[in-house]
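Undergrad:
Residue numbers (full-length UniProt numbering): 1 to 111.
1) At which residue ranges does the segment 36-106 contain complete beta strand (DSSP E) runs of 3 or more residues, listed in the order of the chain?
2) State the CB to CB distance for the pair residue 57 and residue 48, rounded to an integer number of angstroms; the pair is presumed to be in contact (CB under 8 angstroms).
3) Just to confirm before moving on: does the CB-CB distance between residue 77 and residue 59 stay below 7 angstroms?
4) I'd like the list of long-range same chain contacts for residue 74, defined as Cβ closer than 6 angstroms, with 5 residues on each side in sequence excluded.
5) Taking just the CA atoms, how far does residue 81 sit from residue 7?
6) From the DSSP output, in three-state form, read off residue 33 for me.
7) Got a sec? Which residues, its chain only, sit under 6 angstroms from residue 95 by beta carbon, not counting five neighbours each side?
8) Measuring alpha carbon to alpha carbon, tell me which of 85, 38, 18 ends up nearest residue 5.
9) Pick out whichever of 40, 23, 91 has its Cα sitting closest to the Cα of residue 30.
10) Hey, could you find the ends of the alpha helix (DSSP H) residue 15 is sitting in?
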């Protein structure tokens, strides 16, 4: 907590609880640079609250994380995607695109 300061530590814990994760490593890393953390928070919030529905946002994040082999993002966002209605079968279809594209809705496929 000393590296983050009380406020950044509380925000990191709150963020972790919000996504049902034990830690928010991105928060704790950015929180060590206090000014950067406070500049990053509104930016990241704007990204996640874009024009896409949350389920579609999670679909895009999962697909990109899968293509880039980003295990941290996959683990973090698979939980979030489940809460937005993307069950295991849908997630597997996202990862096995285009072979499993028939399991996705036309809107999810971008049709």
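Idealized CB from N, CA, C, for every residue including glycine.
TA: Well, looking at it:
1) none
2) Counting from one through the chain shown, the residue named residue 57 turns up at place 57. Counting from one through the chain shown, the residue named residue 48 turns up at place 48. Contact between residue 57 and residue 48 holds: their C-beta atoms lie close to 7 angstroms from each other, under 8 angstroms.
3) For this step, residue 77 is matched to residue 77 along the chain shown. For this step, residue 59 is matched to residue 59 along the chain shown. Annotated as distal: residue 77 and residue 59, with beta-carbon spacing of 7 angstroms or more.
4) Reading the chain shown from its first residue, position 74 is the one you call residue 74. Cβ within range, chain order: 65.
5) The residue labelled residue 7 in the question sits at position 7 within the chain shown. The residue labelled residue 81 in the question sits at position 81 within the chain shown. The straight-line gap from Cα to Cα measures roughly 28 angstroms.
6) As a first step, residue 33 must be located in the chain shown, where it is residue number 33. Coil, per DSSP.
7) What you label residue 95 is simply residue 95 of the chain shown in a count that begins at 1. So the qualifying residues of the chain are 66.
8) The sequence position of residue 5 within the chain shown is 5, counting from 1. Checked all of 85, 38, 18; the closest Cα to residue 5 is 38.
9) On the chain shown, position 30 is the one that residue 30 refers to. Considering only alpha carbons, the answer is 40.
10) Position 15 of the chain shown, counted from the start, is the residue given in the question as residue 15. 6-18 is the extent of the alpha helix (DSSP H) around residue 15.
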